[in-house]
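K.L.:
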Amino acid sequence: MSRLEDAAAAGGAPGAQEAPGSRGTGTAGESDCSCSEALAHLEAFLDQECSADLTERLAQHVATCDHCSRLADAETHLRELLRSRCAEQAPPELRARVLGRLSLMRMSSSVSVTTVDGVTRTTRTTSQSWRIERG
1 MSRLEDAAAA
11 GGAPGAQEAP
21 GSRGTGTAGE
31 SDCSCSEALA
41 HLEAFLDQEC
51 SADLTERLAQ
61 HVATCDHCSR
71 LADAETHLRE
81 LLRSRCAEQA
91 PPELRARVLG
101 RLSLMRMSSS
111 VSVTTVDGVT
121 RTTRTTSQSW
131 RIERG
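Mind the numbering: the sequence shown is residues 1 to 135 in UniProt numbering, read in order.
1) Just how far apart, CA to CA, sit Leu102 and Thr114?
2) Less than 8 Å between the CB atoms is what I'm expecting for Cys50 and Leu58, so what's the real figure, rounded?
3) In three-state DSSP terms, what is Ser51?
4) Applying the criterion that 16 or more other CB atoms from any shown protein chain within 10 Å of the CB defines a buried residue, is Val62 buried or exposed?
5) Using C-beta distances below 8 Å, list every residue in its chain close to Arg79, excluding the 5 sequence neighbours before and after it, in chain order.
6) Drop a sphere of 10 angstroms on the beta-carbon of Cys33, count the other beta-carbons inside from all chains shown, and report buried for 16 or more, exposed for fewer.
7) Going by the DSSP bridge assignment, what does Thr114 pair with across the sheet?
8) Under a three-way DSSP split, which group does Ser34 fall into?
9) Assuming Glu75 and Leu54 make a contact with CB atoms under 8 Å, what is their CB distance in whole Å?
10) Hey, how far is the Cα of Ala96 from the Cα of Thr123?
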């Protein structure tokens, strides 16, 4: 469970208020979003994995709640840092060797489907060859 989910399960983050000003203002017919609901769905919201209705309510809440806005900004900043710092790539030789082996594995496997008396049987045949390199 993430810290955001822990805070939501505990009824909101420390310092978060469920008072006027910490909820979206909403218009007639729209339901407000509380800080605890915003925290519970913040990661999915930032990943754009929420329904359109929930996305709209969360966006409205984050725009009007200083605390949740700061949390969303901090989470976004953390994600950007991780993305920029964890971008190392494997050496070209290793990538070529792994991709070559995957290609060989794909070429050396086959699937056959047979149906006899209404019973369908799928058979996968894979042959592997290993070459040990010593340096």
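All residues carry an ideal CB built from backbone N, CA and C; glycine is no exception. Values in this document were obtained by computation on a predicted structure and should not be read as measured data.
P.N.:
Let's see:
1) Within the sequence shown, residue 102 is the residue found at index 102, counting from 1. Within the sequence shown, residue 114 is the residue found at index 114, counting from 1. So the alpha carbons of these two residues sit roughly 27 Å apart.
2) The residue given as residue 50 occupies position 50 in the sequence shown. The residue given as residue 58 occupies position 58 in the sequence shown. Right, their Cβ atoms sit about 7 Å apart.
3) Start at 1 with the first residue of the sequence shown, and residue 51 comes out as number 51. Residue state, collapsed to three classes: coil.
4) Residue numbering aside, residue 62 sits at position 62 when the sequence shown is read from its first letter. That one is buried.
5) Within the sequence shown, numbered from 1, the residue matching residue 79 stands at position 79. Counting only Cβ-Cβ distances below 8 Å, and skipping sequence neighbours, we find Leu46.
6) Here residue 33 refers to the residue found at position 33 of the sequence shown. Under this definition Cys33 is a buried residue.
7) Position 114 of the sequence shown, counted from the start, is the residue given in the question as residue 114. Arg121, per the DSSP bridge assignment.
8) The residue you call residue 34 lines up with position 34 of the sequence shown. DSSP places Ser34 in coil when its eight states are reduced to three.
9) Translated into positions along the sequence shown, residue 75 becomes position 75. Translated into positions along the sequence shown, residue 54 becomes position 54. That belief does not hold up - the Cβ atoms of Glu75 and Leu54 are roughly 17 Å apart, past 8 Å.
10) Stepping through the sequence shown from its first residue, residue 96 is reached at position 96. Stepping through the sequence shown from its first residue, residue 123 is reached at position 123. Looking at the two C-alpha atoms, the distance is approximately 30 Å.
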